[in-house]
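Residue numbers (the working numbering): 598 to 686.
Down below is the structure, laid out as structure tokens.
Set out below in structure tokens:
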């Protein structure tokens with residue numbers, strides 16, 4: 598039996614975009630089937646190296662799959678990922 602799909606946001610803080618962008622992109626591509634929308638910003642416009650990046654995802658999947666994606670991202674050194682499930686479980 599599959600779980601009920603939930604709507605959630607995952608906010609990702611990438612402490613060094615140049616070092617970790619490839620890792621994050623690989624994980625997001627592998628999980629693209631659950632990602633409804635994505636917005637990324639560079640909060641330090643004048644930054645040239647070791648820049649911070651923030652990516653916010655809107656996802657639709659089971660709570661288990663959302664937590665698994667968040668954990669995959671959060672397990673990388675230099676990346677912090679937090680989830681907010683918006684619908685009731």
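Beta carbons: idealized from backbone N, C-alpha and C, even for Gly.
- Per DSSP, the unbroken beta strand (DSSP E) holding residue 652 starts and ends at 650-659.
- Under DSSP, residue 677 takes part in a beta bridge, and its partners are 610.
- Sorting 600, 601, 606 and 671 by C-alpha distance to the C-alpha of residue 633 places 606 at the top.
- For residue 635, the enclosing beta strand (DSSP E) covers residues 632-638.
- Under the three-state reduction of DSSP output, residue 602 falls in the strand class.
- Distances from the CA of residue 641 to each of 601, 671, 600 and 610 were compared; the closest alpha carbon is that of 610.
- Annotated as proximal: residue 612 and residue 649, with beta-carbon spacing under 9 Å.
- Shown here for residue 662: same chain residues with a beta carbon closer than 7 Å to its own, the five before and five after excluded, namely 631 in chain order.
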